[in-house]
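Let me begin by presenting the structure, written as structure tokens, before commenting on it.
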Amino acid sequence: MSKRVVITGLGAITPIGIGKDAFWEGLMEGKNGIGKITRFDASEYGAQIAGEVKGFEPTDYIDKKESKRMDRYAQFAVAAAKLAIEDAGLDLEKEDRDRIGTYIGAAGQVAITYKLHGPSSCVVTACATGTNCIGDAFRVIQEGKADVMVAGGTEAAISQAAVAGFAAMKALCMDHNDDPEHASRPFDKNRSGFVMGEGAGLVILESIEHAKARGAHIYAELAGYGANSDAYHMTSPAPGGEYQAKCMQLAIDDAGLQAADVDYVNAHGTSTHLNDEGESLAIKAVWGEHAKDVSVSSIKSMTGHLLGAAGGIEAVATALTVENDMMPPTINYETPDEGLDLDYVPNKARAKKVRAAISNNFGFGGHNACIVMKKYTE
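To convert, take the position in the sequence shown, counting from 1, and add 404; that gives the numbering used here.
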């Protein structure tokens, strides 16, 4: 019989705040994390804005000598792991480190830093990376191969090459360089592309037995995971959101729930036409007549799109949504688009009883990954 898995620790390095509490406060305030790029001179680029992490000092989390050997994305991962481990109240000196693993889009560095000898893997599935890492780590614990997993994603891709590349693909928002506060606008008719972000989001997953034995605080139960592929195009999702819908259904089925049991969708919601339309159609396909009852929001409206780390910070946000019965908003939602008529939680956080929630991430190459969290009960 599969073991039950719970979420006991959250670590977040984001453009709207560092640490779980600052991140959640930013989400609840509808804080904008988008601004002019400062990491290089972007004045000659079509896109000049991004969601940069502010005030991050690597030596607050990592030995100075070690930090100099790490790229920025690895620093984010190690820092987010420290925050998540501390938030979970895990005393690694008292734990069997052979039973603690790392599934992260920078797994080796975290495993080395914290001497975690359990299963370790670095999944690379573009914008679905963080969610695939969490889902795959979930399976490891379900199968009894580890007691604890540190899982999620990290990214620091705000660079000349990345900005130039995504801009050339016409994927980035390039008409709000002088108005970064309103640049990322998922599901809004006047959206014009995604805004790049950076950071890391990691969760501590534990078997229910391990968490209860040490009296851990439980944010939510991780109950279901689905993953599939559009197998359609390197950058475009398959029209109509068919396989995104199938992926969500896989996760809901895996959780032993019905779509009507799920009250909130933390959407991939990139602020591109193809994603926003396809994801909305996919939600309608899964929820059917209940589609208007499920609330949908995209925190990318505030953080930008963290690419491989998107699923990580969005899992943190979803766990806190389930725990607090508060849904983060989709900011900058002003003009409804034809056919996109769901409840996108516009502009202000909202209270709602959230029995279960799903977090979606859909990556270039057709990678789809969804996880379902529900309120923890004995």
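All residues carry an ideal CB built from backbone N, CA and C; glycine is no exception.
In DSSP terms, what A760 is bridged to: As a working note, residue 760 is residue 356 in the sequence shown. BP columns for A760 point to K778.
What is the rounded straight-line gap between the Cα of F444 and the Cα of A565? In the sequence shown, residue 444 corresponds to position 40, counting from 1. In the sequence shown, residue 565 corresponds to position 161, counting from 1. Using only the alpha carbons, I get a separation of about 11 Å.
Proximity winner among D500, V528, A615 and L496, relative to A510 (alpha-carbon distances): Here residue 510 is taken as the residue at index 106 of the sequence shown, counted from 1. The alpha carbon of A510 has as its nearest neighbour, out of D500, V528, A615 and L496, the alpha carbon of V528.
According to DSSP, is I608 part of a helix, a strand, or is it coil? One-based indexing of the sequence shown puts residue 608 at position 204. Note: I608 maps to strand in three-state DSSP.
Buried or exposed for S447, going by 16 or more other Cβ atoms inside 10 Å? For the purposes of this step, residue 447 is taken as residue 43 along the sequence shown, with counting starting at 1. Per the 10 Å Cβ criterion, exposed.
Buried/exposed call for S705, threshold 16 Cβ in 10 Å: As a working mapping, residue 705 is identified with position 301 in the sequence shown. By the 10 Å Cβ count, S705 comes out buried.
Please report the distance separating the alpha-carbon of N536 from that of K440. Residue 536 sits at position 132 when you count from the first residue of the sequence shown. Residue 440 sits at position 36 when you count from the first residue of the sequence shown. Our two residues, N536 and K440, have alpha carbons roughly 31 Å apart in a direct line.
So, under 8 Å CB-CB, C531 and A714 are touching, yes? Tell me the CB distance rounded to an integer number of Å. Position 127 of the sequence shown holds residue 531. Position 310 of the sequence shown holds residue 714. Cβ-Cβ separation between C531 and A714: approximately 6 Å, consistent with a contact (criterion under 8 Å).
According to the neighbour-count rule (16 or more other Cβ atoms, all chains shown, within 10 Å of its Cβ), is G437 buried or exposed? Looking up residue 437 in the sequence shown gives position 33. The residue is buried, with at least 16 neighbouring Cβ atoms inside 10 Å.
Restricting to runs no shorter than 3 residues, where is the beta strand (DSSP E) found entirely within the stretch 507–586? Listed in chain order, the complete beta strand (DSSP E) runs (minimum 3 residues) inside the stretch 507–586 are 552–559.
Along the beta strand (DSSP E) that carries L626, what are the first and last residues, could you check? Here residue 626 refers to the residue found at position 222 of the sequence shown. Element bounds for L626: A624 to S633.
In this structure, how does DSSP classify F768 when only helix, strand and coil are distinguished? Locating residue 768 in the sequence shown gives position 364, where the first residue counts as 1. Three-state result, F768: coil.
Status (buried if at least 16 other CB within 10 Å, exposed otherwise) for T517: Within the sequence shown, residue 517 is the residue found at index 113, counting from 1. By the neighbour-count criterion, in which 16 or more other beta carbons inside 10 Å mark a residue as buried, T517 falls on the buried side.
Closest Cα partner of G645 within the set E683, L609 and E613: Within the sequence shown, numbered from 1, the residue matching residue 645 stands at position 241. Closest in alpha carbon position to G645, among E683, L609 and E613, is E683.
Could I get the ranges of all uninterrupted beta strand (DSSP E) runs contained in the stretch 661–694, with 3 residues as the minimum, in chain order? Qualifying beta strand (DSSP E) stretches, in chain order: 668–670.
Is the beta carbon of S596 less than 7 Å from the beta carbon of G770? On the sequence shown, residue 596 is found 192 positions in, with the first residue counted as 1. On the sequence shown, residue 770 is found 366 positions in, with the first residue counted as 1. Pairing S596 with G770 gives a Cβ-Cβ distance that is not under 7 Å.
Three-state secondary structure (DSSP) of V700: The residue given as residue 700 occupies position 296 in the sequence shown. Of the three classes helix, strand and coil, the one that applies to V700 here is strand, per DSSP.
CA-to-CA distance, V457 to P584, given in whole angstroms: For this step, residue 584 is matched to residue 180 along the sequence shown. For this step, residue 457 is matched to residue 53 along the sequence shown. Each residue's Cα considered, the two are about 15 Å apart.
Inspect the beta-carbon positions of S701 and M731 and report whether they are closer than 7 Å. For the purposes of this step, residue 701 is taken as residue 297 along the sequence shown, with counting starting at 1. For the purposes of this step, residue 731 is taken as residue 327 along the sequence shown, with counting starting at 1. Against a cut-off of 7 Å, the Cβ pair of M731 and S701 comes out as a contact.
Quick check: the Cα distance between D697 and A663, rounded to an integer number of angstroms? Locating residue 697 in the sequence shown gives position 293, where the first residue counts as 1. Locating residue 663 in the sequence shown gives position 259, where the first residue counts as 1. One C-alpha to the other measures close to 11 Å.
Alpha carbons only, please: which of A617, I656, S611 and E610 is nearest the one belonging to A631? Counting from one through the sequence shown, the residue named residue 631 turns up at place 227. That would be I656, whose Cα lies nearest to the Cα of A631.
Under the three-state reduction of DSSP, which class applies to D747: helix, strand or coil? Along the sequence shown, one-based indexing puts residue 747 at 343. Strand, per DSSP.
Proximity winner among G601, A560 and G557, relative to C577 (alpha-carbon distances): Taking the sequence shown and counting its residues from 1, one reaches residue 577 at position 173. Nearest option by C-alpha distance: G601.
Could you give the distance in angstroms between the alpha-carbon of D475 and the alpha-carbon of S640? Translated into positions along the sequence shown, residue 475 becomes position 71. Translated into positions along the sequence shown, residue 640 becomes position 236. D475 and S640: Cα-Cα distance of roughly 30 Å.
Name, in chain order, the residues that DSSP records as bridge partners for L414. Your numbering for residue 414 matches position 10 in the sequence shown. Per DSSP, the beta-bridge partners of L414 are V607.
Taking the straight line between their C-alpha atoms, what separation do you get for G743 and D680? Reading the sequence shown from its first residue, position 339 is the one you call residue 743. Reading the sequence shown from its first residue, position 276 is the one you call residue 680. Rounded to whole angstroms, G743 and D680 show a C-alpha spacing of 11 Å.
Cβ of V607 within 7 Å of Cβ of A649? Along the sequence shown, read from residue 1 onward, the residue named residue 607 stands at position 203. Along the sequence shown, read from residue 1 onward, the residue named residue 649 stands at position 245. No, these two residues do not count as a Cβ contact at 7 Å.
Neighbourhood of G712 by C-beta, 6 Å cutoff - its chain only, sequence neighbours within 5 removed: The residue you call residue 712 lines up with position 308 of the sequence shown. Contacts found: G509, T533, G557 and E559.
List, from N- to C-terminal side, the alpha helix (DSSP H) runs of 4 residues or more that fit wholly inside the stretch 446–485. Listed in chain order, the complete alpha helix (DSSP H) runs (minimum 4 residues) inside the stretch 446–485 are 468–472.
Between which residues of its own chain and K593 is the CB-CB distance below 7 Å, once the five residues before and five after are set aside? Locating residue 593 in the sequence shown gives position 189, counting from the first residue. Once the five neighbours on either side are set aside, the close Cβ partners of K593 are T739, P740 and D741.
Within 8 Å, do at least three Cβ pairs link the stretch 486–502 to the stretch 407–423? Short answer: they touch.
With a threshold of 8 Å, are at least 3 pairs of Cβ atoms found where one atom belongs to the stretch 668–675 and the other to the stretch 761–769? Yes: at least three Cβ pairs fall under 8 Å.
How about I622 and I775: do their beta carbons lie closer than 7 Å? Taking the sequence shown and counting its residues from 1, one reaches residue 622 at position 218. Taking the sequence shown and counting its residues from 1, one reaches residue 775 at position 371. No, they are not a contact pair.
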